[in-house]
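Peer 1: What follows is a single structure, and I will ask about it in a moment.
Number of protein chains: 2
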Amino acid sequence: MKTKLEMSASITLPAEVGEEHMVVELAKKWGADAIRDSDGTDLSQEMLDLGLQVYSTTCLVRAEQTYPRQHMDQLPQKFLMSDPVTASGRALVIDPMSGFYREKYVLDLKHAADKYWEVINRTTGERVPVSKWKFDPRTGKVTITGTIPFHVYTVSFLVFQVWDTTSMYNHLTNRWDKPRVISVDPYHKECWDHLMAYYDQYLAAHPQTDVVRLTTLAYHFAVDSDQDSVDKFRDWTGYQDTISVPALEDFAKEHGYRLRAEDFVDEGYYNAACRVPSERYLAWMEFIHRFVVKFGKALVDKTHKAGKKTAIFWGDHWIGMEPYLPGFLKMGIDIHVGAAEDGVALRRISDTPGGLVKELRLYPYFFPDVFREGGDPLSESVSNWIKIRRALLRKPVDRLGYGGYLSLALKFPEFVDHVAELCDEFRSFKDNSGGGESLKAPVKVVVLNAWGNWKAWINSFGAPQKFLVKRPDVIQVAGTNLLECLAGLPVEVRFLSFAEVEKSGIPQDVDVIINDGDAETAWSGGRWWANPKVVAKVRQFIHRGGGFIGCRGPSAFQHQGRYFQLADVMGVDKETGRTLQSATVPAMVAAKHFITEDLDGGADFGTRETFVYVCDPATELLAANGLHVMAAAKAYGNGRSVFFGALPYDLTNARLLHRAIFWAAGKEQELRNWFCSNPQTDCAWYPMSQKLVVVNHSAQAQATTVFRGDGKSSKITLKPHASKWLD
Amino acid sequence: MKTKLEMSASITLPAEVGEEHMVVELAKKWGADAIRDSDGTDLSQEMLDLGLQVYSTTCLVRAEQTYPRQHMDQLPQKFLMSDPVTASGRALVIDPMSGFYREKYVLDLKHAADKYWEVINRTTGERVPVSKWKFDPRTGKVTITGTIPFHVYTVSFLVFQVWDTTSMYNHLTNRWDKPRVISVDPYHKECWDHLMAYYDQYLAAHPQTDVVRLTTLAYHFAVDSDQDSVDKFRDWTGYQDTISVPALEDFAKEHGYRLRAEDFVDEGYYNAACRVPSERYLAWMEFIHRFVVKFGKALVDKTHKAGKKTAIFWGDHWIGMEPYLPGFLKMGIDIHVGAAEDGVALRRISDTPGGLVKELRLYPYFFPDVFREGGDPLSESVSNWIKIRRALLRKPVDRLGYGGYLSLALKFPEFVDHVAELCDEFRSFKDNSGGGESLKAPVKVVVLNAWGNWKAWINSFGAPQKFLVKRPDVIQVAGTNLLECLAGLPVEVRFLSFAEVEKSGIPQDVDVIINDGDAETAWSGGRWWANPKVVAKVRQFIHRGGGFIGCRGPSAFQHQGRYFQLADVMGVDKETGRTLQSATVPAMVAAKHFITEDLDGGADFGTRETFVYVCDPATELLAANGLHVMAAAKAYGNGRSVFFGALPYDLTNARLLHRAIFWAAGKEQELRNWFCSNPQTDCAWYPMSQKLVVVNHSAQAQATTVFRGDGKSSKITLKPHASKWLD
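Sequences listed follow chains S and D, in order. Every letter in the first sequence is one number past the one before it in numbering that gives the first Met the number 0, and letter 433, counting from 1, is 432. Every letter in the second sequence is one number past the one before it in numbering that gives the first Met the number 0, and letter 205, counting from 1, is 204.
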């Protein structure tokens, strides 16, 4: 059973020195039972004495700033790839740091370049022999001799990171002029010992702290910056910043082979989450994960020994902790805090295995990026909360919290009032649920991709999102796709990797497989779809009665006459320049189908051109733009498949997915148990409390018919954004 | 020098029995000097005596219908691939003919299936051993044993074609009930002898014939039909229908290796024109081409011996004649007739090497598909002619002609009047030009693709055209792309293959390379772009001062961190799921650029989403939709490159290409010699006659400023569609 903090309050408030009276007032208004410090804020004695639970935040690897400045060879390292440079003659000089921010990275002059670095001819793909290139530590440049004119060359090289990524973000966002923070890498034995000693002191110096909130453990996620400090690459789940030479050497000893620079720079794609991971890179991730668990466990043990609890924040230096892998629970963490801007992020926290207390850190963060003259934190919060609440109906969490500068939030009184209502609504959900989850439909869904539990509930945005002009850097685009639709549906969801399917097949209890992602990404699966074992097991699962839902580039991989390897299952394939002279199979959009029954005026699939065509006369076309298939369905043996060209999140598409899952599972007759007729509304039945909640996701009043589990139904009207509990 | 037929008339009229008086009248009205028969029409003695030149049409391989019915093993053969079938157990029965039109194809029961056919596991790509499958000639089915459950299998098999493709089209279009035509394959020695004897008789039986019009030689282009006779595949330039067992055996003897069924069915893609050809398939094409030239020369020699000329029609059984390869001229043909619906088709004829008389067969063909109740042959003709005339300004032909049933055309008197004007305008061009070509700008362009002169001036339509709903079958979509824009520009154009570049580099006199085509097609080049020699030679050409214009998927091939292999040259690359987490380089559309100077209100690039992004800060963005690059320009060494997301034909885009070519060549200062300010108009200067023509391509009156070669200019106003000659 869960060890719960007090039920009725369950809100964590960020405190700020000099705002003590406001902290008291807001704690009351929002019903907070805990206060915490944030980046750049501290707790005064006065606040510690308020009688609230005290969370103290620390990030050990960036906490103490004397050690790193004295041990510059123990800073986090990473492999970078220079810009590709084209030779125009028989020699070439490359400045590897060109295009990178020189205040964040410095070249590693400690370790032999000719051992760790690589120069690659990107025209042929061959490594240039070490004898043909030379790194000059004085100029920082690499000279290559014997280049082939008009071939392209890159240098893969090691750097130290001399500015912590979060610190840099905070400095640039807040225009700070205080000293820059440098992180260290605890993989170095001396550093480890230093951090452990430091943590002992920290615990001793914080007698009034109830919960130490670690932010987080050892390695930051990757944000790379160009020469002007503008983001050029971002991977919130990536292991790019986990490099140290001792770790590379230990890995080689353990595995019997050395990882190359190319294993990390990956042709310049850096093993981003969208890339299908190589076996070698997965082995590295596994290696680092084990180390992080060891590091985390050592800290948790110390915390517990000091009589305190440990919270972990799923952000910043979280790489390697892997909350969905078994190693995570070995650390013994008590409270799991995660930032959440949408339903996917909520599910990311709420679905993690184990009985930890789960706390959401809501957006907006009280920071000047949003809380500024002309900013609109209220709209952002409402939009986030509606999505979060929708998913909360399916998987609850225990606590909410905020972070940042309280003083900034106080300048927006409407926002403060809205948060009070939000907190009340959250507590009403906790109290009315009876402590249990809402009833799920008898349909089990797995999301199949190349990562499985390595990246469960990680949003996979696609090319259309990348091409939106939002801000010049690249960010995870929240709630843009099928996963957000799925986050609020009344079905159990798990994540499964192709490697697991290859080894063990599809688990017996699965009803429907979802494969959603841009073609040739890890989310779709890329080369895994040319793996005969995988593709045969998936086909067999469907043929025997399973359901398959493909979205965007499902099973996409060019192989033996097909782009969609499951074209036989889905009845559609994609034009990639190979069948331009072949006709599509003529098809008309079906006038009526279970999946599209609630569709009123069409759906927005986020694209007008899928270049997907019907390739089988047995395919039922559900939506199309000209010959571009937007949605289709097909029987396959005893099973069924559904294809969606794309499924960006909105309530219409969520309903399409809802119905598609039930149709694919062959359980259409189960749909109208605890179901709302109006797709703008949702309901959830809590068996433990025998209570029903009905919610209105929209900004307009909505009428809806609620179908109960016994086949009876009743009409109900809800105010904008309202939730209503019924017995 | 050209041997010309009479200059002042130069029109070929299709005659029809029973319409003798109309033939006379129309010959006068249209200025015809020749008459010809068409498919399904004959010339009566009365018409032969009219005093006009007589063209007699014959297609030897389908002319005589007794021989084929007595020699059913000498019909044209082809390799087909069955639909892919998924095994659900340990054995599988495939009906190879399922999905094909059984009235067109019959299984080859003469030649051993286990020698020529193949069964392939498309999940693994492996051939199934002959011992594991058996063809039953009684049922026509193949039984495979030891199949792996849920792997996909195909059968590649040989058929005879028992219905000539053109005959089938005519029967279905005209609802004919006369006997079906069967073609034969002259590769069989006995068949060759029969055809030669038949041709001797034919010549003797046509004493009044001046010109024998061969339609065409030996092998039809490919049109495959599904079970309901609907087109499923079409390749107007393809060698799919050139198969015979003796030819396969002779090829094996000559080359020392055997071609497999897979070399022909090509995973089901059938080596369509859009496919990057394999070396083995090109060797087959070369082999067949040599045979066709031999066959053609034998016929031409007989024709000349009989004191007649030979015309060849570039259609129907034309495969293997290859007008842009040196073999073509060896045949000694006198008159080269080609169907033309747009500027590209005109250039296809007018640019062929050698001093042949060139004749256009204009559309619409006098057939019930257009000349029916409610049909609009006039609009089709005007729209075609405007495009043809635009290209005619750059490369002239000698004659025009029509085909089909004259009686059908006569039902559309406005059309008949319009053709009279059209013929007059054509003759005015011939007469005013002084017999020479118009002046070309000092810019030489090559179009670089995987085919070079194998498919010069062949339109490469792309996926957007395939996804238009036009008719259920697949047709060559006329005038849709960059090539149509190019057809009317005042520059010399040649075609070049990657194989030629690999062997000999870029010819010295080339100023600008154009690479235009959907990614991963033969038009773009596919795997050729990973060929280090090719890519280095192209880069070197540009670096030394050459121009490069890429359109759609230029240099697209995934290799070593790039999708566009010339991303360094063009400064743009395409998102294909590998760089979703990498930022684009920020760029603003240039307010002013030489290329876009005549752009007034934007261009229609035929797509809103290119997924092409700026990857180099030196790139000049010329047009964009959000972050989707529509057009960009960049300097590279001493040269320049231009990228277009797509360039469907319209006059705005033609002007963009016009300026892009001059900019890429570094010859901006040469643009305004013999140039019209208004992109709806064009002019051409004929040095031999010292005359200038100005034309209005639009359906509205246009004012334009004409810049002459001496820097002077004058204003002129033109009526809709008008052309005006000036001294």
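Here a beta-carbon is modelled for each residue, glycine too, at the ideal position from N, C-alpha and C. Only a predicted model underlies this, so the values are computations on that prediction, with no experimental measurement involved.
Among the residues of its own chain, which have a CB less than 7 Å from the CB of Leu47/S, if the five just before and after it don't count?
Peer 2: Within the same chain, Leu47/S has close Cβ partners Val53, Gln207.
Peer 1: Could you please tell me which residues of the segment 144-157 of chain D, in chain order, have their CB closer than 9 Å to any CB of chain S?
Peer 2: For the segment 144-157 of chain D, which is checked against every Cβ of chain S, the residues closer than 9 Å are Ile147, Pro148, Phe149, His150, Val151, Thr153.
Peer 1: Is the segment 285-296 of chain S close to the segment 325-338 of chain S, with three or more CB pairs under 8 Å?
Peer 2: Judged by Cβ distances under 8 Å, the segment 285-296 of chain S makes contact with the segment 325-338 of chain S, as three or more pairs qualify.
Peer 1: Starting from Lys536/D, trace the alpha helix (DSSP H) in both directions and tell me its first and last residue.
Peer 2: It spans 531-542 - the alpha helix (DSSP H) in which Lys536/D sits, taken as one unbroken run.
Peer 1: When DSSP labels each residue in this structure, what does Ser581/D get in the three-state scheme?
Peer 2: Looking at Ser581/D - three-state DSSP - the assignment turns out to be strand.
Peer 1: What does the alpha-carbon distance come out to for the pair Val183/D and Leu216/D?
Peer 2: Going by the C-alpha atoms only, they are around 11 Å apart.
Peer 1: Any C-beta of chain D sitting closer than 9 Å to the C-beta of His542/S?
Peer 2: At least one chain D Cβ lies under 9 Å of His542/S.
Peer 1: With a threshold of 9 Å between beta carbons, is Lys231/S in contact with chain D?
Peer 2: Interface residue, yes.
Peer 1: For Val473/S, count neighbouring Cβ atoms within 10 angstroms of its own Cβ and tell me buried if that reaches 16, exposed if not.
Peer 2: Confidence in Val473/S is poor, its pLDDT being 45 and thus under 50, which makes the residue's placement too unreliable to answer from.
Peer 1: Do you know whose CA, among Gly644/S, Met629/S, Asp510/S, Gln557/S, lies nearest Gly524/S's CA?
Peer 2: Checked all of Gly644/S, Met629/S, Asp510/S, Gln557/S; the closest Cα to Gly524/S is Gln557/S.
Peer 1: If the cut-off is 7 Å on Cβ atoms, which residues from the segment 549-566 of chain D count as contacting chain S, listed in chain order?
Peer 2: Taking 7 Å as the Cβ-Cβ cut-off against chain S, the residues of the segment 549-566 of chain D that qualify are Gln559, Gly560.
Peer 1: Can you give me the Cβ contacts of Ile119/D inside the same chain, cut-off strictly under 6 Å, excluding the 5 residues immediately before and after it?
Peer 2: Arg126, Thr153, listed in sequence order.
Peer 1: Helix, strand or coil, according to DSSP, for His262/D in the structure here?
Peer 2: It is worth fixing the name first, because residue 262/D is Asp in this sequence and not His. Asp262/D: helix per DSSP, three-state reduction.
Peer 1: Taking the straight line between their C-alpha atoms, what separation do you get for Pro471/D and Pro585/S?
Peer 2: Only weak support exists for where Pro471/D lies, its pLDDT of 48 falling under 50; the coordinates are left without a value.
Peer 1: Just confirm the distance between the C-beta atoms of Val571/S and Val611/S, as a whole number of angstroms; I'd bet it's less than 8 Å.
Peer 2: 5 Å between Cβ atoms; contact.
Peer 1: Residues of chain C with a CB under 7 Å from the CB of Phe610/S: which are they?
Peer 2: In the structure shown, chain C does not exist; the protein chains are S and D.
Peer 1: Just checking: is the beta-carbon of His627/D within a distance shorter than 9 Å of some beta-carbon in chain S?
Peer 2: Chain S contact via Cβ: present.
Peer 1: Which same chain residues, not among the five before or five after His288/D, have their C-beta less than 7 Å away from its C-beta?
Peer 2: Around His288/D: Gly319, Glu321, Leu324, Gly326.
Peer 1: Would you call Asp726/D buried or exposed, if buried means 16 or more other Cβ atoms sit within 10 Å of its Cβ?
Peer 2: With fewer than 16 other Cβ atoms within 10 Å, it is exposed.
Peer 1: For Thr123/S, which residues in chain D fall below 7 Å Cβ to Cβ?
Peer 2: Those within 7 Å of Thr123/S in chain D are Pro531.
Peer 1: For Cys675/D, which of helix, strand or coil comes out of DSSP?
Peer 2: The answer is strand: DSSP assigns Cys675/D an E or B state.
Peer 1: Hey, could you find the ends of the beta strand (DSSP E) Thr309/S is sitting in?
Peer 2: Counting along the chain, the beta strand (DSSP E) containing Thr309/S begins and ends at 308-313.
Peer 1: Residues of chain D with CB under 7 Å from Ser87/S, in chain order?
Peer 2: Ordered by position in chain D, the residues that pass the 7 Å Cβ test against Ser87/S are His542, Gly636.
Peer 1: Classify His20/D: buried if its beta carbon has 16 or more other beta carbons within 10 angstroms, exposed otherwise.
Peer 2: Flag for His20/D reads exposed.
Peer 1: Taking the alpha carbon of Gly403/S as the point to measure from, which residue in Val16/S, Ala8/S, Leu59/S has its own alpha carbon closest?
Peer 2: For the residues Val16/S, Ala8/S, Leu59/S, the minimum Cα distance to Gly403/S belongs to Val16/S.
Peer 1: Helix or strand or just coil, what does DSSP make of Phe661/S?
Peer 2: Phe661/S falls in the helix class under three-state DSSP.
Peer 1: So what does His303/S bridge to, in DSSP terms?
Peer 2: Answer by DSSP bridge pairing: none, since His303/S is not bridged.
Peer 1: Can you tell me which of the three DSSP states Thr2/D falls into?
Peer 2: For Thr2/D, the predicted model reports a pLDDT of 31, less than 50, meaning its position is unreliable and no value from the coordinates is stated.
Peer 1: If you run the structure through DSSP and keep just helix, strand and coil, what is Leu213/S?
Peer 2: Strand, per DSSP.
Peer 1: May I have the straight-line CA-CA distance separating Lys114/D from Ile143/D, to the nearest angstrom?
Peer 2: Spanning the two alpha carbons is a distance of roughly 16 Å.
Peer 1: Taking the alpha carbon of Val692/D as the reference point, which residue from Ser37/D, Asp265/D, Arg35/D, Ser432/D has its own alpha carbon closest?
Peer 2: The shortest Cα separation from Val692/D among Ser37/D, Asp265/D, Arg35/D, Ser432/D belongs to Ser432/D.
Peer 1: Out of Thr651/D, Phe563/D, Ala86/D, state which residue places its alpha-carbon closest to the alpha-carbon of Gly600/D.
Peer 2: Checked all of Thr651/D, Phe563/D, Ala86/D; the closest Cα to Gly600/D is Thr651/D.
Peer 1: With a Cβ-Cβ cutoff of 9 Å, do Cys273/S and Leu579/D count as a contact?
Peer 2: In this structure, Leu579/D lies closer than 9 Å to Cys273/S by Cβ.
Peer 1: Can you look up Tyr104/S in the DSSP assignment and give me helix, strand or coil?
Peer 2: Reduced to three states, the DSSP call for Tyr104/S is strand.
Peer 1: For the segment 510-528 of chain D, which residues have a beta carbon sitting closer than 7 Å to at least one beta carbon of chain S?
Peer 2: Answer in chain order: Asp517, Ala518, Glu519, Thr520.
Peer 1: Could you give the DSSP three-state label for Asp240/S: helix, strand or coil?
Peer 2: Asp240/S falls in the coil class under three-state DSSP.
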